Each structure stands twice: as C-alpha cells, then as structure tokens.
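A.B. asks: At position 612 of the sequence shown (counting the first as 1) the number is 1901 in this note's numbering, and the numbers step up by one without a gap. The beta-carbon is built from N, C-alpha and C at its ideal position, and this holds for glycine as well. Bear in mind that the values here come from a model prediction, so they are computed numbers and not experimental data.
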Amino acid sequence: MKKVLKFLKYGLLAVLGILIVAFLVIYIKMALASSGNFDLLGEEATSSTQNGILYRDLNKNGKLDVYENPKASLEDRANDLVSQMTLEEKAGSMFVNMIGTTPEGEPMEKPVFTSDPMTLMMAFMLPSNSEMIAKKKMNSFNILTSIDADLLAKYNNSIQKMAERTRLGIPITIASDPRHGTENNPGASLYTPAFSQWPSSLGLAATRDTVLVREFADIARREYTAVGIRLALHPMADLATEPRWGRSNGTFGEDAHLSAMMTKAYVLGFQGDSLDQNGVACMTKHFSGGGPQEDGEDAHFPYGKNQVYPGNNFDYHVIPFTEGAFEANTAQIMPYYGIPIGQTNEDVAFGFNRDIITTLLRDSLNFKGVVCTDWNIITDSRMGEGRAWGVENLTPKERVKKVIDAGCDQFGGESIPELIVELVNDGAISENRLNISVKRIMLDKFRLGLFDNPYVDEKEATQIAGKKAFREKGKIAQGKSMVLLKNNGLLPLKKGTKIYAEGMLTPEVIYTNGALVDNPQDADVILKKIRTPYEPRDEYFLESFFNQGRLYYSDEKKKELLELINQKPSIVVANLERAAILTEIDKASSALFGEFGTSDEVLMDVLFGKVNPSGKLPFELPSSWEAVENQKEDVPYDSKDPLYPFGFGLSYK
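1) By Cβ distance below 8 Å, which residues in the same chain neighbour L1308 in space, the five residues on each side in sequence not counted?
2) Terminal residues of the continuous alpha helix (DSSP H) containing I1730?
3) Please give me, in chain order, every unbroken run of the beta strand (DSSP E) with length at least 3 that falls completely inside the stretch 1445–1487.
4) For the stretch 1535–1598, list the alpha helix (DSSP H) runs that are entirely contained and at least 4 residues long, ordered along the chain.
5) Given a threshold of 16 other Cβ atoms within 10 Å of its Cβ, counted over all protein chains shown, does Q1810 qualify as buried or as exposed?
6) Am I right that L1780 and A1880 are in contact with their C-beta atoms under 8 Å? What's the rounded C-beta distance?
7) Is G1561 closer than 7 Å to A1494 when the C-beta atoms are compared?
8) Enumerate in chain order the residues of its own chain whose CB-to-CB distance from K1450 is below 6 Å, with the five nearest sequence positions on each side excluded.
9) Report the residue from G1640, L1343, K1734 whose alpha carbon sits nearest the alpha carbon of R1688.
10) Given that a residue counts as buried once 16 or more other Cβ atoms are within 10 Å of its Cβ, and exposed if not, what is V1500?
11) Measuring alpha carbon to alpha carbon, tell me which of V1659, L1816, K1857, A1588 ends up nearest K1728.
12) Is G1539 closer than 7 Å to S1490 when the C-beta atoms are compared?
13) Would you kindly work out how many angstroms separate the C-alpha atoms of T1887 and V1502, rounded to a whole number?
14) In terms of alpha-carbon separation, which member of I1461, A1423, K1425 lies closest to N1431?
15) Assign H1589 to one of two classes, buried (16 or more other C-beta atoms within 10 Å of its C-beta) or exposed (fewer than that).
16) Classify I1342 as buried or exposed, calling it buried when 16 or more other Cβ atoms lie within 10 Å of its own Cβ.
17) Is the Cβ of G1593 closer than 7 Å to any Cβ of chain B?
18) For Y1941, count the other beta carbons within 10 Å of its own beta carbon; 16 or more makes it buried, fewer makes it exposed. Which is it?
19) Is L1782 a contact residue of the ligand ADP, with contact defined as CB to any heavy atom under 6 Å?
20) Residues in the same chain with beta-carbon distance under 7 Å from I1608, minus the five sequence neighbours each way, listed in chain order, please.
21) May I have the straight-line CA-CA distance separating A1677 from T1552, to the nearest angstrom?
22) Looking only at its own chain, which residues have a Cβ that is under 7 Å from the Cβ of F1484, when we skip the five neighbours before and after it?
23) Report the rounded CA-to-CA distance for D1346 versus V1355, giving the unit in angstroms.
24) Given that a residue counts as buried once 16 or more other Cβ atoms are within 10 Å of its Cβ, and exposed if not, what is L1794?
25) Helix, strand or coil for V1637? Go by DSSP, reduced to three states.
26) Can you tell me where the alpha helix (DSSP H) with Q1767 in it begins and where it stops?
27) Provide the residue span of the beta strand (DSSP E) that contains G1883, from first to last.
28) With 16 other CB atoms within 10 Å as the buried threshold, where does S1833 fall?
29) Taking Cβ to Cβ, would you say G1701 is nearer than 7 Å to C1661?
30) Could you check what DSSP says for E1332 in three-state terms: helix, strand or coil?
31) Would A1442 and V1917 qualify as a contact pair, given that the criterion is a beta-carbon distance under 7 Å?
32) If you run the structure through DSSP and keep just helix, strand and coil, what is Y1926?
33) Only counting the same chain, and skipping five residues up and downstream in sequence, which positions put a Cβ closer than 6 Å to that of M1672?
34) So, E1824 versus G1838, is the Cβ gap smaller than 7 Å?
35) What does the alpha-carbon distance come out to for the pair Y1963 and G1578?
36) Cutting at 6 Å between CB atoms, please list the residues of its own chain near G1568, excluding the five before and the five after it.
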C-alpha cells in the first residue's frame, strides 16, 4: 500500500511539474509574441489645430486629412479613410472577435491564473489583444469580461491607445451581449453587477410598457457609454413561437406585433432618434427571425440547424424587424445560424444565404447598414464547434467568399482576415466589394464619434454605472414584469405572515414584512421559487449555457414539489426562461406567479402588496407536453387548451 501511495504521490508531482512547464512555455511564447506585436505599432497620435480646426493626427502625417476632420461630412470622412486603407487593414476591419481583459482591467496578453472560468477561457483560447489589433489589424471586438466599471473604462482606454498607434489610428468599437439581467449566461448574456439589474426581454415584454422599455435602453446606453461599450449585440427580435427553444428568454415573446413595439422602443433608447456620439449602435438579431427551430433545438448545435415553417408563416417572423428595428433605424443586423428550410433557392444558413441577405434584406427592405454574421460560422472554434450549416462541405476560404457574396459585411467570432486577403489576391473577390462593407463599418464609427474621442473618464464611469436611480428604475421594472397567474384569495399577504421559503437567494428579506420559519409546519404560507425545467446536455461546450428540451418536471422533481406545496397554503413563483408546463403545480398551489428576473427584495414588495402585479404573459403556457409536440414551430399561441393564454395576467385590484 505504501508503494502505491508513493507512486501516486510522485505521479501527481510529475503531472503537476509537466503542467507548470507547459504553462511556462505558453507564457514565454505569448510574451515574446506580444512583444513582437507591439513592435508593429507606431507613435501615439497628437492633437493639432489647422485652419481653426482641432483634430487628432491619427495617421501622424502632420496635416489634417479629411477623415480626421470633425467638420467634414461622415460620407467624405469614410470615403477618405477607405481610400487610405491597405488591403490588410480592410480585411481586418471585417472581423469581430471576442476579446479578453485581465481581472485588473488590462489587455489580455499572457495567460493568467484566476478562479474565473471565463477569464481562463479567454486567456488560453483567444488570440492576445495585440495580435488582433497590431498584427491582424482588427478594430471591432466583443468583450466578455464583467469587472468593475472603472476597470472596464480603464480597459477601453488601454486598447484605444493601442489602436491609436496603428498606421491610421482607426479606433476600436467595443461590443457586448446584454448585461442588465439578473442572471449569467455567457452564451447569450453577461451578468454585470456594476450595472443596474432589470428583468429579461420577456419581462420587459410582460410590462407592455414601451415607455419603460425605452427608458431602460436609455439607462443601459448611459452605463455602456460610461465604460466604452458602443455596440449592443441586441435586441433579439426573434419570436418565441416554438416554446421548447432554448433562447426564448432573450426574445420579447411570441407575438410579432408586441415584439415589434418593444424592439422599436429598445433601439430608440440605445441609439436615440439619430445615432450620434452619445449613442450605442444596436445590432438587432437574428434576421429574418431565429425562433421557429425544428423541435425547438437551437441552431448553435448540429442537431438544431434547421428552421422550419409548417404553418407557412415565414413572413410573420419578419414583422419585428420591419415594424420595429427598421422603424427605429437600427444601425446593424445579425442573421442567425439556422437554415430556413424550403424558403430560399438553396437550403443554406442565413449568413450564407444571398436570397435572405441581398434579395430580402438589402433589395426588398432597403437596409443600408452593417450586416454581421453570428459567431463562428467559418471555422471550428477552439471550443470545438463550427456552425457552417448547409455549407459544411466548403473550405473556410470558400465559406468566407460565400458570406461576402451573400451580402454580409462582417464576420463574428473569427480572426482570419488573411483569408479575405487571399481571396482578393486570387481574384475571387474584388477590393471594390470590400470597400462597400468597410465603408459601412467605418461610417458607424464616425457616427459614434470614435475617431474624434474614443476615451472615457474612469472615475466618472463608477458614478454613472449602477447609480442608485438606475437601480431603483430596474426594481420598478422587475415588479411591473411579474405576472400573477392564480390567486385564491391568499395575496397580498398580511404583515407578520409566517413564511417557510425554498429557492430564494436572500430569504432574510422576508423579515422586512413577515417572519421566516425553518419548518413548513410552523408556517402560515409556503413560498417556493422554481425554475423552468430542461434537459441537461453536455455533448458540446455551450450546451451548459442553453436550457433546452423538455418543459415538464421529472417525476421525482414533481413529487418533491407537490409534497411541499400541499402541506400548507402555498405560493409558487416560477422563473420562466421558456413556457414551462405547470399544470399540476398550478392545481396544487394557492397562488402562482410567472417571473422573468425578479430579485427577492422586489418579490417581497409584490407578495405583501406594496407593488400591485400587472404583467401579462408574453407567451402562452401549454397544458401538456403532448400539446407542445403537436404545435407548429412557426405559429404563435397554437398549442391545444393552454393552461394560461398569451396576454393573461391578474392583479390585486
């Protein structure tokens, strides 16, 4: 036994030694590469005055170029800049990839040891900041880090300074997925404690309040701009007509006209009536509607690549764009991963599909802005998944050509500008075609004022982001989004009510109005918070971030829930990421709520009547799994005998 233990001890030490050596090799290799990348950079830009015009000499030539002139028209500035760009600089501008920061807000250049899995992933799986900026000549990035506001601001200033030292000083556009929810899902949204917290898009839709939605977006705009984020990779104008779909939580529900109203208010709040230096550009997604997934499976994964239209309802899914996003002049558009089966001349995914991008979006709907693909549709990512649905047989280089030929301008989640350079040098794509896309990309940078001043005030960032007034507005929205589905006279609760609670993050807030007890038998009321059921999967990296599959609870879980809530009068609060099947739980409970990201503090205000619930369901709640399976993926509110219909919601008054 001692020999075995000794062998294990030295074996573990050997493995640890190998890992340390491997880390050091990677560290030294990246450090050397980083040093070489910085050698490619030049001097910082200086501010000068010519003919009474103060400007930044971004190309360091000692004179006022048109693209540097804040008094020149945006069109003239963009044309001048594109005319000065090399092929490599144009190609680099056509890519948007994820980018990493250290926990201290510094550019990620070398591996770091940290307990944060997202930071670790970025450190080891993504190119360094300097490689993408200096070597690959990229200038648009998707930031994933959720650090303090002053550190986010510090990071913005650091990489903007790096970009300023490139040949033409083209500033960086920092983009982000949603950051204002109460939960974290790195596949679609990022929990950012430094910002105010609001309900999900489903919750915003439940309020039916477009004024509130625009106010939310305006607050989010101010928090984004305070830290340097200038491109929102949202809203989602998709429709949750397929209740099993794992991304329903990011939508405004299943009704096209409600979604259009919400989308319009959302974009106007971020961009203003006209996008300018105070705004945040919106990349509305996913054209032409990413909701009707076959069997509800998400198109991030091979088994979910088909979008189907058994109800012949393709046009319905375009309404939130035509009546919402385009009415608000959304700056940019992102198509989804899926293949619109039988809707175009060839069954290829939206980003590769010329009928969708050029014929419908560009020619028919006259969209003039940037179209950026969803992430990783060209190459397999280092996380193992490629999403070139319908064109799997093409090489990465051929896929790039097909995307450009389809009419897209930028590639999300990729860092391969060398393929575009090769295509132009091969004569497969003309440089004039690139000029069209690059000009669109640069026009948005000019509109946002990035060429004139891309820097932010690090101290001011902490005063704006998460300020008390913003957080209070978020709480108001949380309360207003709650949907009261059932109330057998139990609510609102009386002060001093004894409550046994399960599923709360901060049960101590019960003491503000009632009494918290440790045993159901000692309680007047049982409070149970539950989540939408799903089918755990682990074949692909991102599956853990998408709750998919079944909408019913397992027999074991259901038995456990029913045994608890049958003991006393009970209140069940269901967090609805998707349209859960709550039929038996509804029968057993005295009161039932649907919520979309509500803090325990706000929940207490609602339960004790300080806030009157007024939310309305943004989708129907099906009564059975059979009804879900028999409905059509592209048709709204079509399940048989729903437990609660779309738009249902009670109040106390």
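C.D. replies: If we stick to the structure as given:
1) Here residue 1308 corresponds to residue number 19 of the sequence shown, with the count starting at 1. The predicted model places L1308 with a pLDDT of 48, which falls under 50 and marks its position as unreliable; any figure quoted below should be read in that light. Correct list: empty, nothing qualifies.
2) Counted from its first residue, the sequence shown places residue 1730 at position 441. Counting along the chain, the alpha helix (DSSP H) containing I1730 begins and ends at 1720–1736.
3) Whole beta strand (DSSP E) segments, 3+ residues: 1462–1465.
4) 1545–1560
5) For this step, residue 1810 is matched to residue 521 along the sequence shown. Flag for Q1810 reads exposed.
6) Taking the first residue of the sequence shown as position 1, residue 1780 is located at position 491. Taking the first residue of the sequence shown as position 1, residue 1880 is located at position 591. Yes, L1780 and A1880 are in contact; Cβ-Cβ is about 5 Å, under 8 Å.
7) Start at 1 with the first residue of the sequence shown, and residue 1494 comes out as number 205. Start at 1 with the first residue of the sequence shown, and residue 1561 comes out as number 272. Not a contact, by the Cβ cut-off of 7 Å.
8) Within the sequence shown, the letter at position 161 stands for residue 1450. Taken in chain order, the list of residues that qualify is empty.
9) The count along the sequence shown starts at 1 and reaches residue 1688 at position 399. Of the candidates G1640, L1343, K1734, the one whose C-alpha sits nearest the C-alpha of R1688 is G1640.
10) Within the sequence shown, the letter at position 211 stands for residue 1500. So V1500 counts as exposed.
11) Within the sequence shown, residue 1728 is the residue found at index 439, counting from 1. Residue V1659 is the option with its Cα nearest to K1728.
12) Mapped onto the sequence shown, residue 1490 falls at position 201. Mapped onto the sequence shown, residue 1539 falls at position 250. It is a contact, given that the beta carbons lie within the stated cut-off.
13) Here the question's residue 1887 lines up with position 598 in the sequence shown. Here the question's residue 1502 lines up with position 213 in the sequence shown. The alpha-carbon atoms of T1887 and V1502 are separated by roughly 16 Å.
14) Here residue 1431 corresponds to residue number 142 of the sequence shown, with the count starting at 1. Of I1461, A1423, K1425, the residue nearest in Cα terms is I1461.
15) Within the sequence shown, numbered from 1, the residue matching residue 1589 stands at position 300. That one is buried.
16) As a working mapping, residue 1342 is identified with position 53 in the sequence shown. Exposed, because fewer than 16 other Cβ atoms sit within 10 Å of the Cβ of I1342.
17) Here there is only one protein chain, and chain B is not present.
18) By 1-based counting over the sequence shown, the position of residue 1941 is 652. Exposed, because fewer than 16 other Cβ atoms sit within 10 Å of the Cβ of Y1941.
19) Ligands are entirely absent from the displayed structure, and the ligand ADP is therefore not among its contents.
20) For the purposes of this step, residue 1608 is taken as the residue at position 319 of the sequence shown. Same-chain partners within the cutoff: A1545, H1546, A1549.
21) Here residue 1677 refers to the residue found at position 388 of the sequence shown. Here residue 1552 refers to the residue found at position 263 of the sequence shown. Roughly 28 Å between the two C-alpha positions.
22) Here residue 1484 corresponds to residue number 195 of the sequence shown, with the count starting at 1. Here the set comprises R1468, H1469, E1512, A1754, G1755.
23) Looking up residue 1346 in the sequence shown gives position 57. Looking up residue 1355 in the sequence shown gives position 66. Our two residues, D1346 and V1355, have alpha carbons roughly 11 Å apart in a direct line.
24) Your numbering for residue 1794 matches position 505 in the sequence shown. Residue environment for L1794: exposed (fewer than 16 other C-beta atoms within 10 angstroms of its C-beta).
25) For this step, residue 1637 is matched to residue 348 along the sequence shown. Here V1637 sits in coil by DSSP.
26) Mapped onto the sequence shown, residue 1767 falls at position 478. Start and end: 1757–1770.
27) One-based indexing of the sequence shown puts residue 1883 at position 594. That run of the beta strand (DSSP E) goes 1880–1884.
28) The count along the sequence shown starts at 1 and reaches residue 1833 at position 544. By the 10 Å Cβ count, S1833 comes out exposed.
29) Working through the sequence shown from its first residue, we reach residue 1701 at position 412. Working through the sequence shown from its first residue, we reach residue 1661 at position 372. Cβ atoms of G1701 and C1661: closer than 7 Å.
30) Walking along the sequence shown from the start, residue 1332 turns up at place 43. Of the three classes helix, strand and coil, the one that applies to E1332 here is coil, per DSSP.
31) Stepping through the sequence shown from its first residue, residue 1442 is reached at position 153. Stepping through the sequence shown from its first residue, residue 1917 is reached at position 628. Contact: no.
32) Looking up residue 1926 in the sequence shown gives position 637. Coil, per DSSP.
33) Locating residue 1672 in the sequence shown gives position 383, counting from the first residue. Confidence in M1672 is poor, its pLDDT being 47 and thus under 50, which makes the residue's placement unreliable; the coordinate value appears in the next sentence. Cβ neighbours of M1672 beyond the five flanking positions: F1830.
34) Residue mapping note: residue 1824 aligns to position 535 of the sequence shown, counting from 1. Residue mapping note: residue 1838 aligns to position 549 of the sequence shown, counting from 1. In this structure, G1838 lies closer than 7 Å to E1824 by Cβ.
35) Since the first and last residues shown for the chain are 1290 and 1942, residue 1963 lies out of range.
36) Indexing the sequence shown from 1 puts residue 1568 at position 279. If we look at G1568 and ignore the five residues flanking it on each side, its Cβ neighbours are Q1560, G1561.
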